[in-house]
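Engineer:
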Amino acid sequence: MEDLIQKAAEDLIKAKYRIALTGAGISTESGIPDFRGPNGIWTKNPEAEMKAYEIYDQFKVNPKEYWKERLDPQSSISRLFSVLGGLEEFLPNPGHYALAELEKMGILKCVVTQNVDGLHQKAGSQNVIEYHGGINKFRCILCNRRFSKNELDLKKIKVEGKLPPYCQCGGVIKDDGVFFGEPIPSDVVQGAQKKVLECDLMLICGTSAVVYPFANLPEIVKPATIIIEINAEPTSLTGRISNYLIQGKTGEVLPKIVERVKKI
0 MEDLIQKAAE
10 DLIKAKYRIA
20 LTGAGISTES
30 GIPDFRGPNG
40 IWTKNPEAEM
50 KAYEIYDQFK
60 VNPKEYWKER
70 LDPQSSISRL
80 FSVLGGLEEF
90 LPNPGHYALA
100 ELEKMGILKC
110 VVTQNVDGLH
120 QKAGSQNVIE
130 YHGGINKFRC
140 ILCNRRFSKN
150 ELDLKKIKVE
160 GKLPPYCQCG
170 GVIKDDGVFF
180 GEPIPSDVVQ
190 GAQKKVLECD
200 LMLICGTSAV
210 VYPFANLPEI
220 VKPATIIIEI
230 NAEPTSLTGR
240 ISNYLIQGKT
250 GEVLPKIVER
260 VKKI
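Reading the sequence shown from the start, the letters are residues 0 to 263 in numbering that gives the first Met the number 0.
1. From this set, Pro91, Lys173, Pro45 and Tyr16, which residue's C-alpha is nearest Glu64's C-alpha?
2. Give the list of continuous beta strand (DSSP E) stretches no shorter than 3 residues that lie fully inside the region 100–150.
3. Whose C-alpha, out of Glu150, Lys262, Pro254 and Ile18, is nearest the C-alpha of Asn92?
4. Quick check: Thr21 and Val110, are their CB atoms within less than 8 Å of each other?
5. Can you find the residues in the same chain that come closer than 6 Å, C-beta to C-beta, to Thr249, ignoring five residues on each side of it along the sequence?
6. Find the nearest neighbour of Glu129 within the set Asp116, Lys59 and Gly123, judged by alpha-carbon distance.
7. Secondary structure at Tyr52, three-state DSSP: helix, strand or coil?
8. Identify which residue in Ala97, Leu202 and His131 has its Cα closest to the Cα of Glu181.
9. Indicate the three-state DSSP secondary structure (helix, strand or coil) for Lys211 in the structure shown.
10. Quickly, what does DSSP pair Ala19 with across the bridge? List them, please.
11. Helix, strand or coil for Glu181 per DSSP?
12. From Val195 to Val210, what does the alpha carbon distance come to, in whole angstroms?
13. Can you pull the DSSP bridge partners for Val171?
14. With 16 as the cutoff for other CB atoms within 10 Å, does Met201 come out buried or exposed?
15. Would you list the one or two residues that DSSP bridges to Ile25?
16. Tell me the residue span of the alpha helix (DSSP H) that contains Gln5.
17. Since Arg259 and Gln5 are thought to touch, with beta carbons under 8 Å apart, how far apart are those beta carbons, to the nearest angstrom?
18. Measure from the alpha carbon of Asp186 to the alpha carbon of each residue in His119, Leu151, Lys161 and Leu141, then state which is nearest.
19. At a cut of 8 Å, does the region 156–174 reach the region 49–63 through at least three beta carbon pairs?
20. Enumerate in chain order the residues of its own chain whose CB-to-CB distance from Glu197 is below 6 Å, with the five nearest sequence positions on each side excluded.
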């Protein structure tokens, strides 16, 4: 492993435009359960999973009714978000901090993540594309403007009978997280593809990249792009897409790479 860590550090320094793709594997190291593992969120709460598959259609058909339920603590939608809301309590791990440090050093240009937990931002990463949205934000479905929780007084909007909330452009606002059946927002797709096509080195950290359309991203890199995979186990990317695999936890491997970069 030490030889591969040295190689990764050297490749990072030689490259001109480096990005990282991250998935559930980096978040589980912070204690966040995955969705379908033995202790997964859906495994423990199948009712929440069933509701998760329904809410986008409900939102499209009647956004006002969706928001009424969303703000009712006793509704199934509210209970679903209370399950996901617990993610806010978790803290970044050394893997998150290592990526943030690489960005501060001017090496890493961007993190494209499947995760909705906001841990990259908590760790200090500034340039983060949340491919599946974030649990701490809201989004206009028309212009894609994002709103923080502090920007929308949802209780006041409800009391005033102005549900659903509207953006200044006239579009309806929904939770930023991408629901089942919902297309990835166009600005996210375009932004992620732009970064991927620009990069000449890609770190793939804690994801086997099997969930589409995110899984397409490693497939569209330039032929000369170096792809370094950091995963606990070999994946479908190993030997097919990635140039080499550093097998181990991201929270252990990434800090070692950072230290080796500093020494070089």
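Glycine included, C-beta positions come from ideal geometry on N, C-alpha and C.
Structural biologist: Straight from the coordinates:
1. Stepping through the sequence shown from its first residue, residue 64 is reached at position 65. Of the candidates Pro91, Lys173, Pro45 and Tyr16, the one whose C-alpha sits nearest the C-alpha of Glu64 is Lys173.
2. 107–112, 127–129, 136–139 and 145–147
3. By one-based count along the sequence shown, residue 92 stands at place 93. Considering only alpha carbons, the answer is Pro254.
4. Numbered from its first residue, the sequence shown carries residue 21 at position 22. Numbered from its first residue, the sequence shown carries residue 110 at position 111. Contact flag set, yes.
5. Taking the sequence shown and counting its residues from 1, the one referred to as residue 249 is at position 250. Taken in chain order, the residues that qualify are Ile25, Gly94, Cys204, Gly205 and Ile229.
6. Position 130 of the sequence shown, counted from the start, is the residue given in the question as residue 129. Closest option to Glu129, Cα to Cα, is Asp116.
7. The residue given as residue 52 occupies position 53 in the sequence shown. Correct three-state label for Tyr52: coil.
8. In the sequence shown, residue 181 corresponds to position 182, counting from 1. Of the candidates Ala97, Leu202 and His131, the one whose C-alpha sits nearest the C-alpha of Glu181 is His131.
9. Your numbering for residue 211 matches position 212 in the sequence shown. Here residue 211 turns out to be Tyr, not Lys, going by the sequence shown. Three-state result, Tyr211: coil.
10. On the sequence shown, position 20 is the one that residue 19 refers to. Answer is Val110 and Leu202.
11. Stepping through the sequence shown from its first residue, residue 181 is reached at position 182. In the structure shown, Glu181 sits in coil (DSSP, three-state: anything other than H, G, I, E or B).
12. Position 196 of the sequence shown, counted from the start, is the residue given in the question as residue 195. Position 211 of the sequence shown, counted from the start, is the residue given in the question as residue 210. The straight-line gap from Cα to Cα measures roughly 17 Å.
13. The residue given as residue 171 occupies position 172 in the sequence shown. BP columns for Val171 point to Tyr165.
14. One-based indexing of the sequence shown puts residue 201 at position 202. That one is buried.
15. Working through the sequence shown from its first residue, we reach residue 25 at position 26. Looking at the DSSP assignment, Ile25 forms no beta bridge with any residue, so it has no partner.
16. The count along the sequence shown starts at 1 and reaches residue 5 at position 6. From DSSP, the alpha helix (DSSP H) with Gln5 extends over Glu1 to Lys13.
17. Within the sequence shown, residue 259 is the residue found at index 260, counting from 1. Within the sequence shown, residue 5 is the residue found at index 6, counting from 1. Rounded to the nearest angstrom, the Cβ distance from Arg259 to Gln5 is 6 Å, consistent with a contact under 8 Å.
18. Taking the sequence shown and counting its residues from 1, one reaches residue 186 at position 187. Selected option, being the one with the closest Cα: Leu141.
19. yes
20. Residue 197 sits at position 198 when you count from the first residue of the sequence shown. The residues are Tyr16.
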